[in-house]
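Report on the structure given below.
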Amino acid sequence: MSLLEAQREQTRARYPDDEGYVERDGVRVFYEVYGSGEPTVFLLPTWSIIHSRHWKMQIPYLARHFRVLTFDGRGNGKADRPSGVAPYTEREFAEDSLAVMEATETETAVVVGLSCGTLWGALLAADHPERVLGAVFIGPAVPLAAGHPERNVHSFEERLDTDEGWAKYNRHYWLEHYEEFLEYFFGRIFSEPHSTKQIEDCVGWGLEMAPETLIDCHLALELCGLERFRDVCARVRCPVLVLHGDEDGLHPPARGAALAEATGGTLVTLEGSGHCPHVRDPVKVNVLIREFVESLEKRTPWSS
Amino acid sequence: MSLLEAQREQTRARYPDEEGYVERDGMRVFYEVYGDGEPTVFLPPPWAIVHSRIWKMQIPNFARHFRVVVYDGRGNGKSDRPDSAEAYGEREQAADAFAVLDATGTEQAVVVGFSWGGQWSLILAAEHPERVTALCFLGAGPGLSREPFPYEEYPFDEELGIDEGWAKENRYYWLRDWPGYVDWFFSQCFTEPHSTKQIEDAVGWGLETDPETMLLTEGSPVLEPAEVRDLCARLTCPVLVVHGSEDAIVPYAEAVALADATGGRLVTFGGSGHCPQVRDPVRFNLLLRDFVESVA
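If you read the sequences in order, they're chains A and B.
Heads up: the first sequence begins at 1 in my numbering, then just goes up one per residue.
Heads up: the second sequence begins at 1 in my numbering, then just goes up one per residue.
This is the structure:
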């Protein structure tokens, strides 16, 4: 951690009991382990616009009951920032996740993914059913249902003659007005009143990466098509819980409903919540995660 | 409670175990009692711009350890709104506090005097030492320092022709735009970042009263500094003085002077504004619990 990062880092309610780096193909990601309960709850990275601190309202609570594993995905936090689109596909994040499990001797875990963390969470569960006990997906950014129409109006690549609303989701705007984009973006995410602290936190994390890297991450996710993901969902065998805010301004609740259906999971709609209910309604989400994890323990006698 | 009030009232973390009215000279004051522990923590209201819900972050916590008594001060909440300035005087307020202690069967209590409530708590503790086992001043400023108060920047009773900043502390502005004043006042109470929820709550309470009532509080009889000094010197109970370093309503120098005059212990909340119990409730609650247990 650089001096600047050390100064920026806020005090934490709980500090990791173990931390370290895992390297794959020359790219290092940074993981943290909290607590020593059973089973392990694995809080996956989401889109690299934020890093693992977005789980800060989950870690101290879940670590009192379970073992918690999390990591900064490539592109932000203490992880490396490779250049190019190829390092940021959902497969790379899934492989990183598996490598973190190996490095921390995590035989099995319940995975929790936010937004596009769903893409690699589902892939991990589909490819390694023996390692994933269950999966929780929050505000899933999945192509299984249509997105908000207003997010589909403007080109990402072309220079636009407007920067109103979602026109800010544009390569040129990011390169020239990155902080303004972050403020707009997180303003849409936290549609709940009294979210100034949460917006400020996320904008700060967003500024820890460069817009060039975020462009690579965006383009990599564009490559994940509907058919490919539908196939992944069909291969998920573990119990699935989907949480979706009915006011989610980034990904419509229909996407959460479609994911629950495609994976045979349970859908819980969170009334009044935006895209990050785990940040704005942590008590509700933490209790839901804990109940889900404990219901899995009851299903698997060998984990006693 | 009117239908409108009932609709406006938010859900609470804890509801009172007992509530009622106490009447003095035809004026009714509404009180609530929570829990049945020992001792009683008595939380009188401050200025009538808010009512007893200002203590909502204290009540559920304290009620798990102690017994808690709160009431709506005259002029707001479910209490009456007398129509003379005299009725809002500091000695009348102290008499209400005493009446609530009696009505709730509270023989003794630890008292927290918040903001203007510091004055009525001071009178109560100095004149009824057998009823007050300890006194905490919180953001209180009975006028012992030489520091000017920010809201005294402009004359209150003159038409100013401007309404920027503290020029809003003005009779004509209040009558013209009470909601505008309430917004401004609470923006100065909550100087900490990320206070939108606390401001919204307090603005709602401020709108439960009206500028005509509040003008009466503004002209009500107050203690002279010499009387305050005398009351402070008469205190026999342990005193704790809590004040935010960034209080933009009552100067920090007031807390220093108050601790000096009472021999009390001063605890500074770094970065806090006028209402540390609202914006830093965990820290304040733990501090007060330690204080209560130390005198029990």
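Glycine residues also receive a C-beta, built at the ideal position from the N, C-alpha and C atoms.
Status (buried if at least 16 other CB within 10 Å, exposed otherwise) for residue i
i               : result
E18 of chain B  : exposed
S145 of chain B : buried
G272 of chain A : exposed
R234 of chain B : exposed
N61 of chain B  : buried
P301 of chain A : Any reading at P301 of chain A needs caution, since the residue's pLDDT is 45, under 50, leaving its predicted position unreliable; the model's value is listed next. P301 of chain A is exposed by the Cβ-count criterion.
L62 of chain A  : buried
L286 of chain B : exposed
Y15 of chain A  : exposed
P45 of chain B  : buried
I162 of chain B : exposed
A226 of chain B : exposed
P193 of chain A : exposed
Q10 of chain B  : exposed
Contacts of residue i in chain B (Cβ-Cβ under 9 Å)
i              : result
H54 of chain A : Neighbours of H54 of chain A on chain B: none; closest Cβ ~17 Å, over 9 Å.
Reduced DSSP secondary structure (H/G/I, E/B, other) of residue i
i               : result
A140 of chain B : coil
M1 of chain A   : Note that M1 of chain A has pLDDT 47, beneath the 50 cutoff, so the model's placement of it is unreliable and the number below is only indicative. Correct three-state label for M1 of chain A: coil.
R14 of chain A  : coil
Y21 of chain A  : strand
S303 of chain A : Residue placement at S303 of chain A is poorly supported in this model, since its pLDDT is 44, which falls under 50; the coordinates are not used for a value here.
A79 of chain A  : coil
M27 of chain B  : strand
Y156 of chain B : One point to set straight first is that residue 156 of chain B is Phe, not Tyr, in the sequence displayed. The answer is coil: DSSP assigns F156 of chain B none of H, G, I, E or B.
R28 of chain A  : strand
L216 of chain B : helix
F190 of chain B : coil
R67 of chain A  : strand
I138 of chain A : strand
E208 of chain B : coil
R74 of chain B  : coil
H172 of chain A : helix
L207 of chain A : coil
T196 of chain A : helix
R265 of chain B : strand
E158 of chain A : coil
A6 of chain B   : Caution is warranted here: a pLDDT of 48 is assigned to A6 of chain B, below 50, making its placement in the model unreliable, and no coordinate value can be reported.
T133 of chain B : strand
D72 of chain A  : strand
Y88 of chain A  : helix
C116 of chain A : coil
Check whether residue i and residue j have beta carbons under 8 Å apart
i               : j               : result
G165 of chain B : F137 of chain B : no
V239 of chain B : G139 of chain B : no
D96 of chain B  : R14 of chain B  : no
V100 of chain A : V41 of chain A  : no
R74 of chain A  : V27 of chain A  : yes
P132 of chain A : A109 of chain A : Rather than Pro, the amino acid found at residue 132 of chain A in this sequence is Val. Yes, the Cβ-Cβ distance between V132 of chain A and A109 of chain A is below 8 Å.
T118 of chain A : F137 of chain A : yes
V293 of chain A : T263 of chain A : no
P221 of chain B : E86 of chain B  : yes
T217 of chain B : G77 of chain B  : no
A145 of chain A : V236 of chain A : no
P39 of chain A  : E297 of chain A : yes
L114 of chain A : I189 of chain A : no
G20 of chain B  : A103 of chain B : yes
Nearest residue (CA-CA) to residue i, options the options
i               : options                           : result
P148 of chain B : B:F30, B:A253 and B:E169          : B:A253
C233 of chain A : A:W174, A:G121 and A:P282         : A:G121
V33 of chain A  : A:W55, A:A125 and A:T46           : A:W55
F114 of chain B : B:E9, B:G263, B:L223 and B:H51    : B:H51
G37 of chain B  : B:G143, B:T106 and B:A261         : B:T106
H128 of chain A : A:E95, A:S155, A:H148 and A:S115  : A:E95
L366 of chain A : A:E164, A:R64, A:S191 and A:E130  : Residue coverage of chain A in this structure runs from 1 to 304, which leaves residue 366 of chain A outside it and unanswerable.
Y151 of chain B : B:R12, B:E169, B:R53 and B:E159   : B:E169
D230 of chain B : B:A125, B:G273 and B:R279         : B:A125
R24 of chain A  : A:K168, A:R255, A:Y88 and A:R171  : A:Y88
T70 of chain A  : A:R81, A:S36, A:P82 and A:S52     : A:S52
Y178 of chain A : A:V153, A:W205, A:S195 and A:S155 : A:W205
G273 of chain B : B:D247, B:V282 and B:L258         : B:D247
H65 of chain A  : A:E297, A:S295, A:R290 and A:L296 : A:R290
S48 of chain A  : A:T213, A:D246 and A:K168         : A:T213
W166 of chain A : A:S155, A:L175 and A:L114         : A:S155
Per-residue contacts from residue i into chain B (C-beta, under 8 Å)
i               : result
T104 of chain A : Near T104 of chain A there are no residues of chain B at all, since even the closest Cβ is about 33 Å away, more than 8 Å.
Amino acids of chain A, ordered along the chain, whose beta-carbon sits closer than 7 Å to that of residue i
i               : result
H194 of chain B : T196 and K197
K312 of chain B : Lying outside 1 to 296, the shown extent of chain B, residue 312 of chain B is not represented and no answer is given.
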